[in-house]
Amino acid sequence: MAGSPTARRRRLSIELKKLRERSALTCAQVGEALDWSGSKVNRMETGSGRVQPSDIDALCRFYDTSDELREFLKSLARQAKVRGWWQVHGAGVPEWFNIYIGLEQDASTFRQYQCEVVPGLMQTAVYASELHKAGAHMSVEDIAKAVRVRMERQAMLRQPEAPDAWFIVNEGALRHVIGDRALMREQLERVLETAALPTVTVQVLPFDSGTRPTTGSFTMLGFPAPEDPDIVYRDGITDAVYLEGEHHVREYTRAFDGLRAAALSPQRSAVLIESILKDYA
């Protein structure tokens, strides 16, 4: 079973939707049978509403499930209420990003393309702090909390069961000076250090890579359990988009493969990063 509260909530919603679809019923029909609203059933299946163990009991009686499945779903519902370690930082982590961190913690594969900045999982604390100062009206305390969470997230790449992580970074993100040249030198050293980890691959998309479809930055997360479908994540200034449909995942996988083919090999990428690093000396 997935480890984070977010992943448990997502798994619960997936299982509830599967039960209803096997019964060939609509949310409205299930709600009417249980004297609920159809929107309540929909919220349970999308993870946007709190699911109580008593709700699970009612649904499992209605769907006539096994006792074993009912207890499994009730366990998911209870554990989904637990707060993640990152949620104690309050305003330092927006609610919409809380969801992403929970999913990230349980991912077994991680694919990310960054076209503007160095990926968060390989940023130094100083670089991350500069980005937060420029990107939002946050207090000094909340910026410190946000940076602390970002640094703690990076531990996932160094764990014994680290995800298979593949980063493609646009050359412009490496040449865009954040802070000053000394800061950028330290930052590029961190990129090379992260790229050397056994489960991490880093490629640079050079300026002369040719014409490609414009995608913007995006992240694809894959999960160990076949019941948990891959997800595409894109964020903005005030919110984020999560795409789970097969069509979305297929098209973003195709886009990532195209970027991977156009980017420099990991070895040549390291050479380019070292060359840019020298420019910052």
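FYI, in this note's numbering the residues of the sequence shown are 52 to 332. Glycine included, C-beta positions come from ideal geometry on N, C-alpha and C.
Assumed close pair residue i, residue j - CB separation to whole angstroms, cut-off 8 Å
i, j, result
"R260", "A313", "According to the sequence provided, residue 260 is Ser. The question's Arg does not apply to it. Indeed they touch by this definition, with Cβ atoms about 4 Å apart."
"L127", "L63", "4 Å"
"S338", "F274", "Residue coverage of the chain in this structure runs from 52 to 332, which leaves residue 338 outside it and unanswerable."
"I324", "V255", "7 Å"
"Y331", "L239", "7 Å"
"I327", "R241", "About 13 Å separates the two Cβ atoms, so there is no contact after all."
"P280", "E302", "With a Cβ gap of about 14 Å, P280 and E302 do not count as contacting."
Reduced DSSP secondary structure (H/G/I, E/B, other) of residue i
i, result
"Y114", "helix"
"G17", "Given that the chain is displayed from residue 52 to residue 332, the structure contains no residue 17 and the question cannot be resolved."
"A332", "coil"
"A195", "helix"
"F258", "coil"
"I229", "coil"
"I150", "helix"
"Q103", "coil"
"M52", "The pLDDT assigned to M52 is 41, lower than 50, so where the model puts this residue is not dependable; a value taken from the coordinates is nonetheless given after this. Coil at M52, not helix or strand."
"P317", "helix"
"I219", "strand"
"K294", "Just to set this straight, residue 294 is Leu in the shown sequence, not Lys. Of the three classes helix, strand and coil, the one that applies to L294 here is strand, per DSSP."
"Q205", "helix"
"R121", "helix"
"Q156", "coil"
"D308", "helix"
"D86", "coil"
"T252", "strand"
"D279", "coil"
"R263", "coil"
"Q238", "helix"
Backbone CA spacing between residue i and residue j [nearest angstrom]
i, j, result
"A216", "F148", "19 Å"
"C166", "G98", "31 Å"
"T266", "R236", "28 Å"
"R129", "E278", "20 Å"
"S190", "A176", "16 Å"
"S105", "Q205", "38 Å"
"Q162", "G230", "Just to set this straight, residue 162 is Arg in the shown sequence, not Gln. C-alpha separation (whole angstroms): 27 Å."
"A247", "I288", "31 Å"
"E31", "D157", "Any property of residue 31 remains undetermined from this structure, which presents the chain solely from 52 to 332."
"E83", "A75", "15 Å"
"R101", "P317", "44 Å"
"A79", "S88", "7 Å"
"R319", "E212", "27 Å"
"A53", "D290", "Only weak support is given to the placement of A53: the predicted model assigns it a pLDDT of 45, under 50, and the question is left unresolved by the model."
"P214", "E119", "30 Å"
"D108", "A185", "49 Å"
"S117", "E203", "40 Å"
Residue j beta carbon less than 8 Å from that of residue i
i, j, result
"F113", "L85", "yes"
"P170", "V220", "yes"
"A224", "V292", "no"
"V322", "V300", "no"
"V81", "R71", "yes"
"T250", "M173", "no"
"L315", "R263", "no"
"H188", "A197", "no"
"T270", "I150", "no"
Closest by C-alpha distance to residue i, when choosing among the options
i, options, result
"T252", "V198, G287 and L208", "L208"
"R232", "Q254, I219 and Y178", "Y178"
"E96", "P214, D330, S326 and R60", "R60"
"K91", "L124, L110 and A276", "L110"
"F307", "A213, F218, V102 and H183", "F218"
"R285", "D157, L272 and A276", "L272"
"V200", "I152, K125 and L234", "I152"
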